[in-house]
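2 protein chains.
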Amino acid sequence: MLTGGLPAATMDAIAARAGASKATIYKWWPSRAAVALDGFLDRVAGTLAIPPAMSAPQALTWQIDALIQIFRDTTAGPLMRALVAAAQADPDIAQALRDQWLGPRRAVSLEILRSGVRRGEIRSGLDEEAIMDQLFAPVYHRLFFGHAPMSDDLAAIMVAQLMAGIALLLGAYLAISGLVRLS
Amino acid sequence: MLTGGLPAATMDAIAARAGASKATIYKWWPSRAAVALDGFLDRVAGTLAIPPAMSAPQALTWQIDALIQIFRDTTAGPLMRALVAAAQADPDIAQALRDQWLGPRRAVSLEILRSGVRRGEIRSGLDEEAIMDQLFAPVYHRLFFGHAPMSDDLAAIMVAQLMAGIALLLGAYLAISGLVRLS
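Sequences listed follow chains A and B, in order. Just so we're aligned: 907 in my numbering is position 79 of the first sequence, and the numbers increase by one with no gaps anywhere. Just so we're aligned: 888 in my numbering is position 60 of the second sequence, and the numbers increase by one with no gaps anywhere.
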C-alpha cells in the first residue's frame, strides 16, 4: 500500500505480508481500504495535541505544519493517498474519514479559531468552514496532485496571507469590491 | 464511472456500454483512467475563458465559481473524483492531470493575480502558488471528502477572506506575529 497504492495492496498481498490467512484478515477488516484506514489512524494518533500559550495564528500555523510533516515525512502520506482514492468509490471509507479524521481535527482547529475571536485576534462573523479549508485543503491538494512542494515555510505563509489579506490597500479594496463587511 | 466510480468502470464495462470490442477500446486508451481523463477534459473544454473588464478579485471569484459549478452540477465532478483516485497509484494519470488540467488553469489564474498586482489591487511579493491553493484547493477538498457543501457563495467568501484578511486589527496582528512584511 505504501509503495504500490491501493491497487497493489490486495487482501491476498496483505495476508501474505502479515503471515496470516486471508480469512483471518477478513475477520478483522472488511476491505483493504479498512486496513489502510486503521494503519493511517494508528500512525496519526496523538498528533492533535496543541502546545498551550500560543496565539490563534501561531497555533494554526503549528497545526498546518504538523499536518505537512505527517504527510510529507511519514507513511501516513501514502496511506492518506490510498484512502482518498478508496473514498471516491466507497462511501463507508469516506464517512469514516470524515468521522475519525477530518471531524476531530477540524473541531480542534475551530476551537483555536474561536478562541482567537474571543481574544480579539480574529474578526467575528467569518465563514469558519471556509477558513479551515483555506488553511488545510492546500496541504491535501499538494499531496494528491503533486503540483507544488509541501515546503517548510508553507504553513506560516498561508496563515500570514489569510490573516493579513493580500489586498494592497484594504480600504480601497473594500470600497471597490463591496465584497466584505468588517464586523 | 459516473455512478460506480473507477472500480465499476472496467474496460469490459466500458466496451459493453460503447458497443465496441475491448480490443477497440484498448486501441485508443491504455486504461480506464485514460478514458476518464478524456471524458473529463471533453466536458471541461472551453471553461477557461474569463470575461474581460473584471478586477482581479472579481475574475478570481468568477473562476472559482465556475469550478464549483463544473464539479457540483455536471458529470465532470464524478469524473474528477475517479481521476484523483486513479492518480494516487498511476503516475501517468497524475502527470496528465497536472499538464492538461491544473497547469493550464493555474496559468490563467496566475495571470489574473499578476494583473491585479500591476493594477495595484493586490500586494506584490506574495507566494503565488500558495494563493492559488488557498482559493482553489478548498473546492477539490469538498468534492473529495464531502465534509462541507460547495455552496453558491463559497467563491465570493473565500476571495473576500483572502483579500481582506481575517485579522481583527491588521496593525496589531502584524506587530504581534512578526509573520508578515508588507511590501
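Backbone N, C-alpha and C fix where the C-beta goes; we use that ideal spot for every residue, glycine too. Because the structure is a prediction, the values reported are computed rather than measured.
**OP:** With 7 Å as the limit, tell me which residues of the region 949 to 969 of chain A have their beta carbon closer than that to any beta carbon of chain B; keep them in chain order.
**Re:** E949, I950, R951, L954, D955, E957, A958, I959, D961, Q962, A965, P966, Y968 and H969
Original post:
Between P977 of chain B and F973 of chain A, what straight-line distance do the alpha-carbon atoms span, to the nearest angstrom?
Top reply: If you number the second sequence from 1, residue 977 of chain B lands on position 149. If you number the first sequence from 1, residue 973 of chain A lands on position 145. Taking the straight line from one Cα to the other gives about 22 Å.
Subject >> Nearest candidate by alpha-carbon position, reference D866 of chain B, set B:R845, B:A910, B:G993 and B:R934 >> reply: Here residue 866 of chain B refers to the residue found at position 38 of the second sequence. Of B:R845, B:A910, B:G993 and B:R934, the residue nearest in Cα terms is B:A910.
Original post:
Taking buried to mean at least 16 other C-beta atoms within 10 Å of its own C-beta, is P885 of chain A buried or exposed?
Top reply: Counting from one through the first sequence, the residue named residue 885 of chain A turns up at place 57. P885 of chain A is buried by the Cβ-count criterion.
**OP:** Evaluate A914 of chain B with the Cβ neighbour count: other Cβ atoms within 10 Å of its Cβ, from every protein chain shown; 16 or more gives buried, anything less gives exposed.
**Re:** Taking the second sequence and counting its residues from 1, the one referred to as residue 914 of chain B is at position 86. A914 of chain B comes out buried.
Original post:
Comparing the C-beta of G833 of chain B with each C-beta of chain A, is any distance below 7 Å?
Top reply: Your numbering for residue 833 of chain B matches position 5 in the second sequence. It does: the Cβ of G833 of chain B has a partner Cβ on chain A nearer than 7 Å.
Original post:
Is A848 of chain B near the ligand MN, judged by its Cβ being under 6 Å from some heavy atom?
Top reply: By its list of ligands, the structure shown contains no ligand whatsoever, and the ligand MN lies outside what it can speak to.
Original post:
Beta-carbon of A995 of chain A versus every beta-carbon of chain B: anything under 7 Å?
Top reply: As a position in the first sequence, residue 995 of chain A is number 167, starting the count at 1. Closer than 7 Å: yes.
Subject >> Residue-level contact to chain B via CB, V1008 of chain A, 7 Å cutoff >> reply: Stepping through the first sequence from its first residue, residue 1008 of chain A is reached at position 180. Low per-residue confidence applies at V1008 of chain A: pLDDT is 46, beneath 50, and the placement is therefore not dependable, though the value from the model is reported in the following sentence. Taking Cβ atoms only, chain B reaches closer than 7 Å to V1008 of chain A, which makes this a yes.
**OP:** Mind the definition here: the region 892 to 911 of chain B touches the region 861 to 878 of chain B only if three or more C-beta pairs lie below 8 Å; say whether that holds.
**Re:** yes
**OP:** Output, in sequence order along the chain, the residues in the region 893 to 915 of chain B whose CB is closer than 8 Å to any CB in chain A.
**Re:** Under the 8 Å Cβ criterion, the region 893 to 915 of chain B contributes R909, A910, V912, A913, A914 and A915.
**OP:** Quick one: give me the first and last residue of the alpha helix (DSSP H) that T852 of chain A is part of.
**Re:** Residue 852 of chain A sits at position 24 when you count from the first residue of the first sequence. Element bounds for T852 of chain A: K850 to W856.
**OP:** Buried or exposed for S952 of chain A, please, with buried defined as at least 16 other CB atoms from any protein chain shown within 10 angstroms of its CB.
**Re:** Position 124 of the first sequence, counting from 1, holds the residue named residue 952 of chain A. Around the CB of S952 of chain A, fewer than 16 other CB atoms lie within 10 Å, so the residue is classed as exposed.
Original post:
Interface residues of chain A around F972 of chain B at Cβ under 9 Å?
Top reply: Taking the second sequence and counting its residues from 1, one reaches residue 972 of chain B at position 144. Simply V912, A915, Q916, A922, Y968 and F972.
Original post:
Out of curiosity, what's the CA-to-CA distance linking V967 of chain B and L982 of chain A?
Top reply: Along the second sequence, one-based indexing puts residue 967 of chain B at 139. Along the first sequence, one-based indexing puts residue 982 of chain A at 154. If I take the Cα positions, the gap works out to 19 Å.
Original post:
Would you say A992 of chain A reaches chain B, if we count a Cβ-Cβ gap shorter than 7 Å as a contact?
Top reply: Here residue 992 of chain A is taken as the residue at index 164 of the first sequence, counted from 1. It does; some Cβ of chain B falls within 7 Å.
Original post:
Are the beta-carbon atoms belonging to A861 of chain A and D918 of chain A less than 7 Å from one another?
Top reply: Within the first sequence, residue 861 of chain A is the residue found at index 33, counting from 1. Within the first sequence, residue 918 of chain A is the residue found at index 90, counting from 1. Cβ distance < 7 Å, so A861 of chain A and D918 of chain A count as in contact.
Original post:
Would L954 of chain A pass as a contact of I896 of chain B if the rule is Cβ separation under 7 Å?
Top reply: For the purposes of this step, residue 954 of chain A is taken as the residue at position 126 of the first sequence. For the purposes of this step, residue 896 of chain B is taken as the residue at position 68 of the second sequence. Not a contact, by the Cβ cut-off of 7 Å.
**OP:** Excluding the 5 residues preceding and the 5 following G833 of chain A in the sequence, name in chain order all residues of the same chain whose CB lies nearer than 6 Å to its CB.
**Re:** In the first sequence, residue 833 of chain A corresponds to position 5, counting from 1. Here the set comprises A910.
**OP:** Tell me whether the beta-carbon of Q962 of chain B lies closer than 7 Å to the beta-carbon of Q962 of chain A.
**Re:** In the second sequence, the residue the question calls residue 962 of chain B occupies position 134. In the first sequence, the residue the question calls residue 962 of chain A occupies position 134. In this structure, Q962 of chain A lies closer than 7 Å to Q962 of chain B by Cβ.
Original post:
Comparing the C-beta of L938 of chain B with each C-beta of chain A, is any distance below 7 Å?
Top reply: Counted from its first residue, the second sequence places residue 938 of chain B at position 110. Cβ-Cβ to chain A under 7 Å: no for L938 of chain B.
Subject >> chain A within 7 Å of A976 of chain B, Cβ atoms only >> reply: Sequence index remark: in the second sequence, residue 976 of chain B carries index 148 (1-based). Interface residue, yes.
**OP:** Use the C-beta contact count for P879 of chain A: other C-beta atoms within 10 angstroms, 16 or more gives buried, fewer gives exposed.
**Re:** Sequence index remark: in the first sequence, residue 879 of chain A carries index 51 (1-based). Result: exposed.
**OP:** Please classify S937 of chain B: is it buried, with 16 or more other beta-carbons within 10 angstroms of its beta-carbon, or exposed?
**Re:** As a position in the second sequence, residue 937 of chain B is number 109, starting the count at 1. S937 of chain B should be labelled buried.
Original post:
Just checking my contact of A848 of chain B with T875 of chain B at CB under 8 Å: how many whole Å lie between their CB atoms?
Top reply: Position 20 of the second sequence, counting from 1, holds the residue named residue 848 of chain B. Position 47 of the second sequence, counting from 1, holds the residue named residue 875 of chain B. Not quite, the Cβ-Cβ distance comes to about 28 Å (not below 8 Å), so this is no contact.
**OP:** Just mark R946 of chain B as buried or exposed, buried being the case when its beta carbon has 16 or more other beta carbons within 10 Å.
**Re:** Position 118 of the second sequence, counted from the first residue, corresponds to residue 946 of chain B. R946 of chain B should be labelled exposed.
Subject >> Buried or exposed by the 16-neighbour rule on C-beta atoms within 10 Å, applied to T831 of chain B >> reply: Taking the second sequence and counting its residues from 1, one reaches residue 831 of chain B at position 3. The residue in question, T831 of chain B, is exposed, as its Cβ has fewer than 16 Cβ neighbours within 10 Å.
**OP:** Identify which residue in B:A837, B:W929 and B:D980 has its Cα closest to the Cα of D901 of chain B.
**Re:** In the second sequence, residue 901 of chain B corresponds to position 73, counting from 1. Per the Cα distances, B:D980.
Subject >> Whole-angstrom distance between A837 of chain A and R845 of chain A, CA atom to CA atom >> reply: In the first sequence, residue 845 of chain A corresponds to position 17, counting from 1. In the first sequence, residue 837 of chain A corresponds to position 9, counting from 1. So the alpha carbons of these two residues sit roughly 10 Å apart.
**OP:** Leaving aside the five residues before and after W929 of chain A along the sequence, list all residues of the same chain whose C-beta is less than 8 Å from its C-beta, in chain order.
**Re:** As a working note, residue 929 of chain A is residue 101 in the first sequence. A distance below 8 Å between beta-carbons, with the five flanking residues on each side excluded, links W929 of chain A to the following residues of its chain, in chain order: F868, L869 and V872.
Subject >> Backbone CA spacing between I921 of chain A and I842 of chain A [nearest angstrom] >> reply: Here residue 921 of chain A refers to the residue found at position 93 of the first sequence. Here residue 842 of chain A refers to the residue found at position 14 of the first sequence. Roughly 18 Å separates the two Cα atoms.
**OP:** May I have the straight-line CA-CA distance separating G944 of chain A from M986 of chain A, to the nearest angstrom?
**Re:** Working through the first sequence from its first residue, we reach residue 944 of chain A at position 116. Working through the first sequence from its first residue, we reach residue 986 of chain A at position 158. Taking the straight line joining both Cα atoms gives about 17 Å.
Original post:
For the alpha helix (DSSP H) that contains A995 of chain B, what are its first and last residues?
Top reply: Counting from one through the second sequence, the residue named residue 995 of chain B turns up at place 167. Neither: A995 of chain B is in no alpha helix (DSSP H) and is coded neither H nor E.
Subject >> Counterpart residues of I950 of chain B in DSSP-defined beta bridges >> reply: For the purposes of this step, residue 950 of chain B is identified with residue 122 of the second sequence, where counting begins at 1. I950 of chain B is bridged to A:A995.
**OP:** Along the alpha helix (DSSP H) that carries R900 of chain B, what are the first and last residues, could you check?
**Re:** On the second sequence, position 72 is the one that residue 900 of chain B refers to. Taken as a continuous stretch (DSSP letters only), the alpha helix (DSSP H) holding R900 of chain B covers A884 to D901.
Original post:
Which first and last residues belong to the alpha helix (DSSP H) in which P906 of chain A is found?
Top reply: Within the first sequence, residue 906 of chain A is the residue found at index 78, counting from 1. From DSSP, the alpha helix (DSSP H) with P906 of chain A extends over A904 to A915.
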